[in-house]
Amino acid sequence: MLVLAPIDLTGIGIPYPGLKRYGTYIMTLWLVTAIAAMGVNLIVGYAGLETLAQAAFVGIGAYVTALMVKAGWPFGLAFLASGVAAFAVGIMLGFPALRVRKHYLAFVTLAFSVLAWLVFRNEQWLTGGVMGIGDISRPTLFGHTLRRHVDFYWFVLAITAVLTFALWWIIRSPWGRAFTALRENPIRAESLGVDVRLYTLLAFAIGSAYGGLAGSLYAPLVEFIDPNPFALGPSLLFMLMVVVGGAGRFAGPFVGAAVAVLLPEWLRFAEGFYLLIYAVLVMTMMAFCPTGIMGLAERLLPARRRPTAAATAPLLGEAKP
Amino acid sequence: MADFLQLLISGLATGAIYALAAIGFTLLWQTSQTINFAQGEFVMLPAFFALVAMTWLGLPFAVAVVIAIVCSMLVLGLMFKVVVVQPLIKQGVLPLVISTIALSVLLKEGVKDVYSAEAQPFPTLFPDVTLSVAGVAVSLAQVGVLVVAFGTIVALQWFLGATRIGRQMQATAQNPTVARILGVPVERMILYTFLINAVLAAMASILISPIYLAKFSNGESLGLAAFVAAIVGGFNQVRGAIVGGLLIGVVDNLAAAYVSTSYRQAVPLILLVAIILFRPQGLLGRREERAV
Amino acid sequence: MGADTILTLDNVVSGYGKMTILNGTTAAIRRAAITTVIGPNGAGKSTMFKTVFGLLGARTGRITFDGADTTRCTPRQMLDRGMCYVPQGRNIFPELSVRHNLELGGVAMPDQSRLGARIEAMMARFPILREKAAAQASTLSGGQQKLLEVARGLLLDPKLMLIDEPSIGLSPLMVQEVFAILKDLRDKGVTILLIEQNAKQALEMSDYGLVLEQGQARIEDAAGNVLSDPRIAQLFLGGGLAPAQQVA
Amino acid sequence: MTAVLEVRDIAKSFGGVHAVQGVSFDVHEGEILGIIGPNGSGKSTLFNCILGQLAPTRGEVRIDGRNVSGKRPSELNRLGISRTFQLLQVFPQLTVRENLILAGQEHKGSRLGRLFGARDAGLGAAADRMIDFFRLGHLAHENAGGLSYGQQKLLDAAMAFMAGPRLVLLDEPAGGVNLTMLASLKERLQAINRETRATFVVIEHNMEFVMALCSRIIVLAEGRIIAEGEPAAVRRDPKVIEAYLGH
Amino acid sequence: QDTIKIPNIIELSGGGATVGNNWKNGSQLAAEEINAAGGILGKKIRLEFVDTASDPGKARAAVQRALDEEPIAIFGPIYSGSVSATLKLTADAETAQIMGGEAANLTAQGSKYLFRTSFGQNVSMPKIANYLRDEVKAKSVAVVYVNNDFGKGGRDAIIKELKERNIAVAADLSTEAGQADFAADVIKLKGANADAIFVYLNEEESARFLREAKKQGLNRPLIGETTLLGQKVIDLAGDAADGVKGHVGLTVDAPIPAIQEFGRKFQARYNYKPDHNGVKGYIAVYMLKAAAEKAGKLQPKAIAAALHGLTITPDKTPGILIEATWDDTGEIDRISFLGEVKDGKQVITQILPKLKK
Ligand SMILES: Nc1ncnc2c1ncn2[C@@H]1O[C@H](COP(=O)(O)OP(=O)(O)OP(=O)(O)O)[C@@H](O)[C@H]1O
Ligand SMILES: Nc1ncnc2c1ncn2[C@@H]1O[C@H](COP(=O)(O)OP(=O)(O)OP(=O)(O)O)[C@@H](O)[C@H]1O
Ligand SMILES: [Mg+2]
Ligand SMILES: [Mg+2]
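Residue numbers (our numbering), protein chains in the order written: chain A, -17 to 303; chain B, 597 to 888; chain C, 885 to 1132; chain D, 944 to 1190; chain E, 196 to 552.
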């Protein structure tokens, strides 16, 4: 049986020896999902904003790539364009939310999520509507086609590595600190010269761009796209993934995506009931370890003594922002 | 003109459904500062309690309704509070929100696997009569929903604002630690919140299932509509739910008739964004003031 | 321990997570007197209050209140036994009105019929609260919010009142007013345990002083003695601050 | 002497509440100005209007003679104006040291440069000095949310100094701070004031602190200035005693 | 190894859950019968059900996985989008994919390994169009459809057929899956003044639509395809369903004993009446059995080859219910029905012969 331990693979990047085409496919899907989830983690975990539209951004990336590739553009260009498109839409979407308080960004993204889905579905001339777009070819690299699953897996792994490094760099830079400041206390941050509007937009747009980039890889991975995976429900699942993995923890999205993508594998014996089990697991997880799997790991590995959020929360409302 | 009236009336009737579902959002927001993403499923589920009572146990409808309400209080009230909310109330909003997302999956899949994936007809509390007033057709069930929605919201508004228990519930939401210091039975207040929400959900379920049909996936669209209604009306005001609900119902119908059927869902959402931009506290909401 | 102690801490240890803050604290608080706790920032004063009131579990040691062991009591049980607590910082219900905030202070009052009268009494004492009775509490100024909190804490008729730095944010006039009320209460037989950084003024009206440092009670003495203790003056009373001037 | 800060006829109403009703004053370079007044007299509201946190109903604020009305707090901060808030405002889940670095980083280099530059934006040493000064050394790597009230208050004040500001507005920096620390805080303010000619405006109810620190005091009551002048003179003013100090 | 595993990659959750569960129950029933009767070529079969969550990406993953284990055939998906996303995989693996999609374009994509279990819209819509022209004698038709791949595909197909027959399209209304309120749609239909209305919605929406139509007194012929005349819609809509007419591809109410017997068995086992997706799942298994027996071996490529041009008759394979033939694009051909709803019952009024006989 295929019991995948994702940790074995991230480190060395070698597809599991027993993996067949499907295994490689699933691993690739996991990476793609993790890229999008990293974006959500930046928005939700670090900057403390809320997004219910990541799937829509994945969709934007997927459609941009599909259309460009079908029109004969090289994949590299389509990939960049997908990121840029998602970034730009992210900025436009962030603007109205700046006028108001925190939760409203979530509401705006929720509305956007549904609107984007409607556009994907209704504008058949462009997006193929409910029939979707098929036959999206995989890129070629130096004249070498990545049609084979394993080749494409390596390609995606390389991109994931680059994107992971980039995000890690952003988060450990002063920008990352500013993002955290948005989460913790935007008013105080503003008074310390942190341009809250700009950083809010940046966090949201960068996170969304990661969604777009993930979408750009998703389209050639599946070789077919239609509006369904870009609806509101999947956006919620991205949030869920990130929090289950551990919001605000760097490895969180990878773990969360692994759970979301690979858990159905592990629960295969349960057939139709796997969603039930998944839901129960998530709820139990939240109840006993709201900091997610990475939070749990930190707690269990005593090496790093860093009080968790729960332990340091002031008992009285003293520091309530 | 008759068409317009028909659209308006139908929209109001559907809007009352949304309002009933939206009350739960505002109630939970006001009393536990949580967004319950399972609210749609909360309204979907009780009808199935009644169906189980009727088809599996062979009980008459009236008894089944009572059973549905009691079961809802146990499952959506007591169990939800003890199993989901209690461990999470101190952990901030995000884990709780995530838990409700998972819960919505659980309820939906549970009903599908345990009962059926098929839509089920559901008996109505009101006789199946269609009234025709000035060329406009209205069914009695719709009127019933409208009246009940209004009544409930008025009662709830009064309860939260004008009774001590109601205010203790609000206090618990706004600052549970201080509420505890002052001796507010915080646990009990949270429980009340969820019991009330459960009863409301059960009522909504029983009222709307004859129109909507009982189906495991009903919560999806209902939840979204209710959510939008709650924001439009004003998240922190129970009476906002009714205005928001009715407005969304009407706007949705008018949009389908006069804008585009394939973009009808978009119009309430655009309204939502407009509201957020120009009146973020919602139509009836009050401004939350003083940030510094 | 004489009959005149109402609260005792016996080797109490407590803290947050892995951190131990109260480190074997031992103290005895006299009945019907004002005791002021002073100490440097981070000494564990507030932690001591939270532990006494049952918000923070004591890891070891024993706390007795009014003759009974209350080491494991919950806040609600402490309230029912006649202790109330006004915490440090800002602790209002921001979206409720001022009147409703006040009213919530009386939740634990055994005789609810007196609540209205008590609220009236408080509003008479602090007219600004009456003026703003219908306003949302979050719209009050910083000091007004603290005042609201103090007034809310004074609603009950406790045997012992824990009050953590009530003077922060209050204008001198208001501080005098609050201290006067505390003295009145003491005269009626209520025990007051007070934390103050405004130490001189607080000790001047207190009966006893308790100096807490690094989670341990270093000095327990009559307020006058504490005030005149040269070590205290140097360590805690800010010897460097405006030595010549004394405020009226 | 040039006025660093000119406040011209600022007024702010919330619905029917007239919190500030036409306040004007100048603050000169190198001055330490105290603002006192009864609770609810409009002091914090005035600060919030000056610093762009609230839009005043009317009036104008000038920095170095330039009208800055309508500028956002972060823009003002980058002009060299920093502040503290009356209610505690730290970043609870960042460590003390991170709090301090954050407080200074937006003043270092360009935004893009910060993205590619050092992790601590070159502020590590400055932060450590600040930590030592406020005797928070043992807490440097604790989350700020776990500090005691007074410690957070000190941290809050320390953050206001991280960027080397020219003008600092402090809203009740002394509340809850131990008197010994308070004396150091006062000395620190005075030292900075001497060395960099930084200007301070301080709202405070602790009269000893205000009297010892400030060279001039403005007294607000019901949103208006009722007295202004040398500390000693203000303290003797019967209007002030009546409204604020008591007897 | 005595049992062979056959993967069913179907919509068990998400928008297609109802459809997928019908298929699941139908195919399970068939598998049990076949196993009780000795299996396929002496081997017992075991169906494995894998959820696509109604998402093409997941469907693709699941099909990929199933193919890695080299099954003799793949069942599903049912949503046409998911079929589109997966048909290349099965073609590459040279494995028969017996699926439930009805979109017209599926069989047009040149896969030699795709097989329908019901009429594609490219077959059913011409029949409806003929019916509208010949029986209803409509000069103008209003179309109301659900805006998903099922409804949109049907809408595109019917409009093409109507145009070819010079029938005007008086209104073209899309509705949402899960839509509750059809007041606006009915008003628009009333305004359109068409000779007939073609309704192409899912079950619940069909029922809600019919109720609203009755409430507002929409007195035009309501014509549907299979779903609209299904028992489920009749149950849900009550007397509002009376009078609707249309074409029925496959129905448990067909006046054919084998089908009715199947309906009873299904009802007894699962306690509800199957819709045509239940029938699709059921016959899928029998298709496989017949093809494997024709090929004489359990080898994927041989089975697929055997299905091409295969006619399965109920006398040899009773489970196929009605004689059916597959051409070399995988299109199914069999008889179908015209029917209407009378007094809460579906009544078959006419049997339409196979297209090619
Ligand atoms: N919620 C908490 N989580 C972790 N540590 C805490 C928490 N609250 C306080 N501490 C730590 O406990 C120590 C004592 O805190 P406490 O609040 O009791 O001090 P205090 O004497 O009241 O000081 P202050 O005069 O500043 O109010 C501090 O050093 C602080 O770091
Ligand atoms: N958002 C608001 N809405 C309504 N009234 C407000 C609001 N903010 C402040 N006020 C009122 O304005 C007045 C001035 O408040 P402000 O906070 O400026 O007082 P302050 O001088 O800082 O008092 P303190 O010394 O108590 O901090 C108060 O009466 C207060 O109730
Ligand atoms: Mg303290
Ligand atoms: Mg103030």
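Positions of the beta carbon are idealized from the N, C-alpha and C atoms, including for glycine.
Since we're looking at a predicted model, the values are computed, not measured.
Asked, Found
"Kindly list, in the order they appear in chain A, the residues whose Cβ is closer than 7 Å to that of residue 868 of chain B.", "89, 93"
"Please determine, among A:21, A:12, A:217, A:57, the residue with the shortest C-alpha to C-alpha distance to residue 127 of chain A.", "A:57"
"Quick one: measure Cβ to Cβ for residue 1163 of chain D and residue 980 of chain D, integer angstroms, because I've assumed they're closer than 8 Å.", "4 Å"
"Between the C-alpha atoms of residue 365 of chain E and residue 486 of chain E, what's the straight-line distance to the nearest angstrom?", "45 Å"
"One question on the structure: do residue 1110 of chain D and residue 947 of chain D come within less than 8 Å of each other, judged by their Cβ atoms?", "yes"
"CB of residue 1099 of chain D to nearest heavy atom of ligand 3: below 7 Å?", "no"
"Taking 7 Å as the cut-off, is the C-beta of residue 1079 of chain C nearer than that to any heavy atom in ligand 3?", "yes"
"Considering only the alpha carbon of each residue, which of E:375, E:385, E:445 lies closest to residue 814 of chain B?", "E:375"
"Could you run through the stretch 223 to 236 of chain A and flag, in chain order, every residue whose CB is less than 8 Å away from some CB of chain B?", "225, 226, 229"
"So residue 762 of chain B and residue 833 of chain B are supposed to be a Cβ contact under 8 Å. How far apart are they, rounded?", "So it is not a contact: roughly 13 Å between Cβ atoms."
"Skipping 5 residues on each side, what residues in its chain have a beta carbon closer than 7 Å to that of residue 997 of chain C?", "none"
"Report whether the distance from the Cβ of residue 898 of chain C to the nearest heavy atom of ligand 1 is below 7 Å.", "no"
"List, in order along the chain, the chain A residues whose C-beta lies closer than 9 Å to that of residue 1028 of chain D?", "169, 170, 173"
"Taking the C-alpha atoms as reference points, what is the distance between residue 1084 of chain D and residue 1050 of chain C?", "30 Å"
"Give me the Cβ distance between residue 1094 of chain C and residue 911 of chain C, rounded to the nearest whole Å; I'm assuming they're in contact under 8 Å.", "6 Å"
"Compute every distance between the C-beta of residue 972 of chain C and the non-hydrogen atoms of ligand 3, then say whether any falls below 7 Å.", "yes"
"Say whether chain B places a C-beta atom closer than 8 Å to the C-beta of residue 206 of chain A.", "no"
"Can the beta-carbon of residue 1036 of chain D be found less than 8 Å from the beta-carbon of residue 1086 of chain D?", "yes"
"Per DSSP, which residues does residue 1100 of chain C bridge with? Please list them.", "C:1097"
"Do the stretch 1169 to 1188 of chain D and the stretch 228 to 246 of chain E make contact, defined as three or more Cβ pairs closer than 8 Å?", "no"
"What residue range does the beta strand (DSSP E) around residue 968 of chain C cover?", "967 to 970"
"Is it the case that the CB of residue 962 of chain D approaches a heavy atom of ligand 2 more closely than 7 Å?", "yes"
"For the stretch 787 to 819 of chain B, which residues have a beta carbon sitting closer than 8 Å to at least one beta carbon of chain A?", "816"
"I'd like to confirm something about residue 986 of chain D: is its beta-carbon nearer than 7 Å to some heavy atom of ligand 6, or not?", "With respect to small molecules bound, the structure shown includes ligand 1, ligand 2, ligand 3 and ligand 4 and not ligand 6."
"Which residue marks the beginning of the alpha helix (DSSP H) containing residue 1109 of chain C, and which one marks its end?", "1107 to 1112"
"Helix, strand or coil for residue 532 of chain E? Go by DSSP, reduced to three states.", "strand"
"For residue 246 of chain E, I'd like the list of residues in its chain whose CB is within less than 7 Å of its CB, leaving aside the five on either flank, ordered along the chain.", "207, 208"
"When DSSP labels each residue in this structure, what does residue 215 of chain E get in the three-state scheme?", "helix"
"Which residues, in chain order, does the stretch 700 to 718 of chain B contribute to contact with chain A at a C-beta distance below 7 Å?", "701, 702, 705, 706, 709"
"Rounded to whole angstroms, how far is the Cβ of residue 46 of chain A from the Cβ of residue 60 of chain A, which I believe are closer than 8 Å?", "7 Å"
"Tell me which residues of the stretch 1012 to 1033 of chain C have at least one Cβ-Cβ distance to chain D shorter than 7 Å, keeping chain order.", "1012, 1023, 1025, 1026, 1027, 1028, 1031"
"Go through the stretch 97 to 138 of chain A residue by residue and report every complete run of the alpha helix (DSSP H) that reaches 4 residues or more, in order.", "106 to 109"
"What do you reckon, is the C-beta of residue 766 of chain B under 7 Å from a heavy atom of ligand 2?", "no"
"Quick one, which of E:526, E:503, E:409, E:484 has its alpha-carbon nearest residue 727 of chain B's?", "E:409"
"Within 8 Å of any Cβ in chain D, is that where the Cβ of residue 990 of chain C sits?", "no"
"Starting from the beta carbon of residue 1057 of chain D, find every residue of chain A whose beta carbon is closer than 8 Å, and list them in chain order.", "155, 156, 157"
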